[in-house]
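Undergrad:
Protein chains: 2
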Amino acid sequence: MDKIDFNISIVGIGLIGGSYAMSLKELSLGKIYGIDIDEKALEDAETMGIIDKGYVSPEIPLKDSDLVIICLYPKSVKKFVMDNIDNFKTGAIITDVTGVKTKILDEINYGLREDLDFIFGHPMAGREEKGLKFSSKEVFKGANYIITPTNRNKCENIKLIEDIIKKIGFKNIMTVTPEEHDKIISFTSQLPHVIAVSLVNSNNLDFDIGLFTGDSYRELTRIAQINSELWTELFIENKINLIKDIEIFEENIKKFKEAIIKEDREMLIKSMDNARKRRKEMS
Amino acid sequence: MDKIDFNISIVGIGLIGGSYAMSLKELSLGKIYGIDIDEKALEDAETMGIIDKGYVSPEIPLKDSDLVIICLYPKSVKKFVMDNIDNFKTGAIITDVTGVKTKILDEINYGLREDLDFIFGHPMAGREEKGLKFSSKEVFKGANYIITPTNRNKCENIKLIEDIIKKIGFKNIMTVTPEEHDKIISFTSQLPHVIAVSLVNSNNLDFDIGLFTGDSYRELTRIAQINSELWTELFIENKINLIKDIEIFEENIKKFKEAIIKEDREMLIKSMDNARKRRKEMS
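Read top to bottom, the protein sequences are chains G and H.
All residue numbers for the first sequence refer to our numbering, where the first residue is 1 and numbers rise by one.
All residue numbers for the second sequence refer to our numbering, where the first residue is 284 and numbers rise by one.
(1) Mark glycine 91 of chain G as exposed unless 16 or more other C-beta atoms lie within 10 angstroms of its C-beta, in which case mark it buried.
(2) Any chance the region 401-413 of chain H sits against the region 211-220 of chain G, with 3 or more Cβ pairs inside 8 Å?
(3) Inspect the beta-carbon positions of glutamate 248 of chain G and asparagine 487 of chain H and report whether they are closer than 9 Å.
(4) So, phenylalanine 120 of chain G versus proline 149 of chain G, is the Cβ gap smaller than 9 Å?
(5) Which bits of chain G does aspartate 556 of chain H rub up against, with CB to CB less than 7 Å?
(6) Alpha helix (DSSP H) containing serine 9 of chain G: first to last residue?
(7) Methionine 124 of chain G versus chain H: which residues are under 8 Å apart at the beta carbon?
(8) Between the alpha carbons of valine 97 of chain G and serine 566 of chain H, how many angstroms are there, rounded?
(9) Which bits of chain G does aspartate 528 of chain H rub up against, with CB to CB less than 9 Å?
(10) Helix, strand or coil for glycine 169 of chain G? Go by DSSP, reduced to three states.
(11) Indicate whether phenylalanine 207 of chain G and valine 422 of chain H have their beta-carbon atoms separated by less than 9 Å.
(12) Measure the C-alpha to C-alpha separation of valine 77 of chain G and valine 56 of chain G and round it to an integer number of angstroms.
(13) Can you say whether methionine 82 of chain G is buried or exposed, counting buried as having 16 or more other CB atoms within 10 angstroms of its CB?
(14) Output yes or no for whether 9 Å exceeds the beta carbon distance between isoleucine 236 of chain G and arginine 548 of chain H.
(15) Within the region 309-348 of chain H, note down every full alpha helix (DSSP H) run reaching 4 residues or more, in order along the chain.
(16) Starting from valine 477 of chain H, find everything on chain G with Cβ-Cβ shorter than 9 Å and list it in chain order.
(17) Would you list the residues sitting across from methionine 475 of chain H in a DSSP beta bridge?
(18) Pull up the DSSP beta-bridge partners for proline 406 of chain H, would you.
(19) So asparagine 455 of chain H contacts chain G; which residues on that side make the cut at Cβ distance below 8 Å?
(20) Tell me which residues of the region 105-138 of chain G have at least one Cβ-Cβ distance to chain H shorter than 7 Å, keeping chain order.
(21) In chain H, which residues lie less than 9 Å from serine 189 of chain G when you measure between Cβ atoms?
(22) If you draw a straight line from the alpha carbon of isoleucine 291 of chain H to that of phenylalanine 401 of chain H, how long is it in whole angstroms?
(23) Thinking C-alpha only, which one of H/Glu397, H/Leu345, H/Tyr393 and H/Thr378 is nearest lysine 372 of chain H?
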């Protein structure tokens with residue numbers, strides 16, 4: 001990427017938007033604009049020097065932006081695009097950071113202006129905190145990024161997004177269909193969050209369990225410090241995949257429980273050996 | 284502790300035994316003997332300089348040891364003590380590292396020589412690997428240690444164990460009854476291991492999921508790299524507590540699943556907010 005005067009608007013200056021601003025600022029591609037309804041966040045981002053200018057009203061920055069990165073909750077992405085459909089610069093590339101793809105992609109592509117290229121992406125990076133003050137370039141370092149191209153997307157634009165993504169520190173960029181994305185994410189991300197929340201809610205002890213745990217409980221429950229509004233949207237948007245995965249998991253834990261009840265050592269050992277092997281083989 | 288010539292036998296020179304040897308060597312209390320049926324492990328430990336001498340036959344080192352730390356699987360602890368009941372030095376302190384307490388404690392105390400003081404302990408430290416080569420002083424640094432005293436134990440001996448435990452890097456020493464220990468450990472350690480194994484075994488994807496995950500799946504499944512023989516013993520020994528905890532967890536995940544099916548946003552948000560709050564409050 002040797003473009004100059006390649007201006008970028010980041011919509012939503014929270015943890016992820018702020019982290020994008022910090023990371024992109026270093027690439028010096030062009031101006032970086034912040035768009036948010038929260039004036040304080042914009043002021044802070046300006047003070048931090050991670051955006052050139054912040055706007056509550058999207059019209060001016062969008063008309064000047066070659067790339068628009070929408071870092072909003074799933075349902076707000078479509079609304080933002082449609083509300084601003086006439087504001088985007090001709091030929092602009094748009095991308096998102098949403099954790100579910102199939103529905104949102106169909107809905108947005110349906111109403112999208114012909115000249116605009118929306119390339120759907122999912123940075124698999126986050127933190128248990130929210131807001132600009134937890135932003136950091138480190139959030140993306142070594143992380144996985146999933147891209148779900150459609151045949152509307154131009155090759156050179158996909159290439160450009162991939163280029164930027166690599167430059168700001170992502171390690172693996174995987175390309176899958178939106179349907180595959182939602183199936184994979186249901187298992188690798190949503191199910192673990194459901195489990196972590198359910199585990200913390202199962203605590204019936206009268207002790208401060210932080211004093212009685214090794215790393216295991218701590219590790220399994222870190223992500224229970226969850227953004228409940230965001231994840232409610234994600235779970236419901238992807239509920240067909242997620243319910244299926246929860247049920248497979250329920251079946252597995254039930255089988256394991258029954259083996260303990262029956263003291264079926266052979267089955268327990270087989271089950272654990274299988275899990276160990278599969279976990280070790282994971283990249 | 285200003286004792287000198289305070290000799291220690293470590294029984295079982297694996298990950299935990301080796302880590303004890305390394306940590307205790309630095310305190311220079313007296314001789315450190317290793318006892319193991321695996322001659323190679325003893326030779327390696329001698330070469331590494333973390334024990335003064337290794338023995339396959341326990342008689343000689345036990346007769347000379349003021350403290351015996353038994354780092355064996357639960358069922359082997361009782362057998363070792365009973366097989367060697369005449370070999371322990373008069374007034375010796377014995378301790379263990381076993382992850383379940385109630386049963387083992389009753390069984391051992393029943394047959395114990397009057398002059399011996401068995402102080403049951405549980406270092407909440409481990410790794411997903413086994414064997415001496417994964418031993419490290421770091422294993423214990425900042426970890427929790429649980430002690431389950433009985434009224435057979437002498438105060439000064441408990442004090443001495445606590446002293447050593449602090450010196451080798453443990454952070455919190457918690458004292459509870461054996462029954463409380465097993466109840467707590469069922470939830471904070473055994474249930475997380477059951478969940479991690481069941482989660483890995485629920486993977487039906489045709490992808491290398493390491494390329495499609497953030498930290499969540501990785502964190503929730505690290506402990507699925509489990510020592511299946513050891514944990515089969517632990518799960519079965521503590522099955523009454525563990526089955527109860529698995530069932531409470533099953534109930535919670537079922538409620539969460541039903542809220543997703545019904546798209547009950549209020550209930551989902553309440554459940555996640557509750558989990559986030561409780562997880563943040565944990566020490």
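Ideal placement from N, C-alpha and C gives every residue a C-beta, glycine not left out.
TA: According to the structure shown:
(1) Flag for glycine 91 of chain G reads exposed.
(2) yes
(3) The sequence shown places isoleucine at residue 248 of chain G, not glutamate. Yes.
(4) yes
(5) Ser228
(6) No alpha helix (DSSP H) contains serine 9 of chain G, which is instead part of the beta strand (DSSP E) from 8-11.
(7) Phe495, Thr496 and Gly497
(8) Inter-residue distance for valine 97 of chain G and serine 566 of chain H is about 33 Å (C-alpha atoms, whole angstroms).
(9) Ser202 and Asn204
(10) coil
(11) The answer is no: Cβ separation not under 9 Å.
(12) 16 Å
(13) Result: exposed.
(14) Contact flag set, yes.
(15) 322-331 and 342-346
(16) Ile253, Phe256, Lys257 and Ile260
(17) Rather than methionine, the amino acid found at residue 475 of chain H in this sequence is proline. According to DSSP, proline 475 of chain H bridges with nothing at all.
(18) H/Tyr428
(19) Leu211
(20) Met124, Ala125 and Gly126
(21) Phe495, Thr496, Gly497, Ser499 and Tyr500, listed in chain order.
(22) 14 Å
(23) Sorting H/Glu397, H/Leu345, H/Tyr393 and H/Thr378 by C-alpha distance to the C-alpha of lysine 372 of chain H places H/Leu345 at the top.
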